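One structure is given here, and the rest of the page talks about it.
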Amino acid sequence: MFRPIRTVWPIRALILAAGLTVGCGRRELARQTWPAMGTVAGVTVPGRAENHLPAYAELARETVREMEGRLSQFNPDGVISMLNRQAGGDSVVLDPDTLHVLALSLHYARVSRGAFDPTASPLVRLWGFHGGAPRATPPTPAEIRDALSTAGYSHVVLNEETREARLALPGMKVDLGGIAKGYAVDAVSAKLKAMGATDFMVNLAGDMRCFGEPSKGKPWRIGVRNPFNTAEIVGVLHLTDGWAVSTSGHYERFVEIEGTRYAHILDPRTGYPVAGMAGVTVVATNATLSDALSTALFVLGPDQALSVLRETEGCDALFIPDRLPLELWITPELQRRFVPDRDWVDAVRVLDL
Ligand code: AMP
Ligand code: MG
0 MFRPIRTVWP IRALILAAGL TVGCGRRELA RQTWPAMGTV AGVTVPGRAE NHLPAYAELA
60 RETVREMEGR LSQFNPDGVI SMLNRQAGGD SVVLDPDTLH VLALSLHYAR VSRGAFDPTA
120 SPLVRLWGFH GGAPRATPPT PAEIRDALST AGYSHVVLNE ETREARLALP GMKVDLGGIA
180 KGYAVDAVSA KLKAMGATDF MVNLAGDMRC FGEPSKGKPW RIGVRNPFNT AEIVGVLHLT
240 DGWAVSTSGH YERFVEIEGT RYAHILDPRT GYPVAGMAGV TVVATNATLS DALSTALFVL
300 GPDQALSVLR ETEGCDALFI PDRLPLELWI TPELQRRFVP DRDWVDAVRV LDL
C-alpha cells in the first residue's frame with residue numbers, strides 16, 4: 000500500500016519544494032510527496048483533481064523507484080554498478096532506459112564539450128562527495144591528476160544496436176546523477192499522460208515538469224530560489240504544457256574544507272569544483288534536457304554557455320553568478336516566462352545570444 004510521508008492539501012499560494020517554490024495564484028493545489036532518489040519526489044494537481052491524486056502518486060512512486068533501481072550507481076544490484084565494476088574489462092548489456100539515458104548523457108557531454116560528463120564520479124568522490132572520505136585538506140594536484148586519468152566520457156564505448164556498454168579505463172565510473180532525476184520526471188510524466196492525466200506537475204527536488212493548467216487560463220508558477228537566501232525567491236517562472244525546469248545550485252550540496260565551501264558539481268576539464276556560479280535554472284521542452292543542461296551550464300557559466308544555448312533548441316536559462324549584489328542573467332526568450340520579484344527587477348540582465 001502506498002504511504003506517502005507527507006500528504007499536503009489544500010495548498011494555497013506558494014509551496015516550498017527543494018530547489019524551487021511552486022504556486023498557482025489563489026487557487027488551491029493538492030500534492031503528495033515522498034522520499035526518493037536521495038531527495039523528495041512529488042506530484043501536484045489542481046484542487047479540483049484531488050480525487051485522482053492517490054492513483055497518480057502511486058504510479059509516480061513506482062516509476063521513480065524503477066528508475067532509481069536502474070540508474071543509480073549506489074544500487075549494488077543495478078546495471079550501472081555492474082558496468083562500473085567491470086570498468087577496464089568486459090561490456091555489459093543495458094536495459095532500454097539505461098541505454099537511453101547513457102546515450103543522452105554522452106550526447107550532452109559532446110554538446111557541452113565535456114562540461115557535462117557522466118564519468119566525473121572519481122572527481123566527485125575525491126572531493127568528499129558520494130561516499131568519498133571527508134577531507135581535512137583539498138586534494139593535491141597529483142591526486143586530481145590521478146582521478147582525471149580515470150575519467151572522460153570519450154572512454155565510454157556504447158553500441159546502441161547491441162545495447163552493450165563498456166568502460167575502457169580501469170577505475171572508471173558512470174554517475175548519472177546530473178541527468179537521472181530529469182529522466183525520471185519525464186518517465187513519470189509519460190505514464191501519467193498515458194493514464195489520462197491532463198493537469199499536473201511532477202517534481203524530483205529541483206527538476207520539474209508541468210502539464211495543463213493549475214486553474215483555468217493560468218500557467219503553473221514556479222518560484223526560483225535566491226541562492227544567497229534560500230527562504231526567498233528572486234522571481235517566478237510561468238510554465239505551460241509540457242515545459243520542464245531544473246535548477247543546479249551551489250547551496251544544494253557542498254563540503255567545507257579549511258573554511259572554504261566547495262559545490263558538488265565538478266568541472267571535469269580541471270578536476271576542481273565549480274566556483275563562480277551560485278545557481279543556474281534551465282527551462283526546456285523536457286526534464287532530461289533541463290536537468291543535463293542545468294548541470295552543464297553551471298560548469299560553463301553564462302559566457303561559455305552561449306554557444307551551447309545557441310546550438311540547443313527548446314531551452315532557456317537563468318544564471319545567478321556567485322557574487323553580490325545579486326545579478327540575474329537571462330536568455331532573451333526567458334523574458335516571456337520569467338517575472339522577477341519586485342525587489343529584483345533591477346538585477347535582471349538579458350544575455351546577448
Ligand atoms: P545536478 O544537481 O543535476 O546539477 O547534478 C549534480 C550531480 O551530478 C552531482 O551530485 C554528481 O553526481 C553529478 N555531477 C557532478 N559534476 C558533474 C558534471 N560536470 N557533469 C555531469 N554530472 C556531474
Ligand atoms: Mg542536472
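Quick note on numbering that gives the first Met the number 0: the sequence shown kicks off at 0 and runs consecutively.
Each residue gets a CB set at the ideal place from its N, CA and C atoms; glycine is no exception.
In this text, all values refer to a predicted model and were calculated from it rather than measured experimentally.
- A distance of 8 Å or more separates the beta carbons of residue 346 and residue 314.
- About 7 Å separates the beta carbon of residue 72 from that of residue 172, a gap short enough to meet the 8 Å contact definition.
- Beta-bridge partners assigned by DSSP to residue 55: none are found.
- For residue 342, the secondary structure class from DSSP, reduced to helix, strand or coil, is helix.
- Shown here, residue 60 sits in a helix according to DSSP, grouped into three states.
- Beta bridge pairing from DSSP links residue 215 with no other residue.
- Taking 8 Å as the cut-off, the Cβ atoms of residue 340 and residue 234 count as close.
- If you draw a straight line from the Cα of residue 108 to the Cα of residue 238, it is about 27 Å long.
- In this structure, the C-beta of residue 153 stays at least 7 Å away from each heavy atom of ligand 1.
- Unbroken beta strand (DSSP E) stretches of 3 residues or longer found wholly inside the segment 274 to 334: 276 to 283, 314 to 320, 327 to 329, given in chain order.
- Distance from the Cα of residue 219 is smallest, within the candidate group 291, 130, 231, 197, for 197.
- Between the alpha carbons of residue 336 and residue 330 lies a distance of about 11 Å.
- DSSP places residue 200 in no alpha helix (DSSP H) but in the uninterrupted beta strand (DSSP E) bounded by 199 to 203.
- In terms of Cβ geometry, residue 170 and residue 86 form a close pair [threshold 8 Å].
- For residue 206, the enclosing beta strand (DSSP E) starts and ends at 206 to 210.
- Pairwise C-beta distances place the segment 292 to 312 out of contact with the segment 146 to 161, as fewer than three of them are shorter than 8 Å.
- Here the segment 179 to 195 makes no contact with the segment 120 to 136; the two share fewer than three CB pairs at distances below 8 Å.
- Cβ-Cβ distances below 6 Å link residue 231 to 225 in the same chain, with the five nearest sequence neighbours on each side left out; the list follows chain order.
- Using a 10 angstroms sphere on the CB of residue 258, the tally of other CB atoms stays under 16, which defines it as exposed.
- The criterion of a C-beta distance shorter than 8 Å is satisfied by residue 256 and residue 136.
- If you compare the alpha carbons of 338, 277, 51 with that of residue 324, the shortest gap goes to 277.
- Residue 158: member of the beta strand (DSSP E) spanning 155 to 158, first to last residue.
- With a beta-carbon spacing of about 15 Å, residue 102 and residue 177 fall beyond the 8 Å limit used to define contacts.
- Cα atoms of residue 185 and residue 167: separation of roughly 30 Å, rounded to the nearest angstrom.
- Within 10 angstroms of the beta-carbon of residue 50 lie fewer than 16 other beta-carbons, which makes it exposed.
- In its chain, beyond the 5 residues on either side, 300, 320, 321 have a beta carbon closer than 7 Å to the beta carbon of residue 275.
- Not one heavy atom of ligand 1 falls within 7 Å of the beta-carbon of residue 80.
- Put simply, the residues with a CB less than 5 Å from any heavy atom of ligand 2 are 177, 290, 293, 294, in chain order.
- For the options 309, 160, 48, 223, the alpha carbon positioned closest to that of residue 215 is the one of 48.
- In this model, residue 200 and residue 303 are separated by some 32 Å (Cα to Cα).
- Comparing C-alpha distances from residue 352 to each of 28, 333, 344 shows the shortest one belongs to 333.
- In chain order, 77, 79, 96, 97, 100, 175, 179, 182, 183 place their CB closer than 8 Å to the CB of residue 70, counting only its own chain and leaving out the 5 sequence neighbours on each side.
- For residue 260, the uninterrupted beta strand (DSSP E) run begins and ends at 259 to 262, by DSSP.
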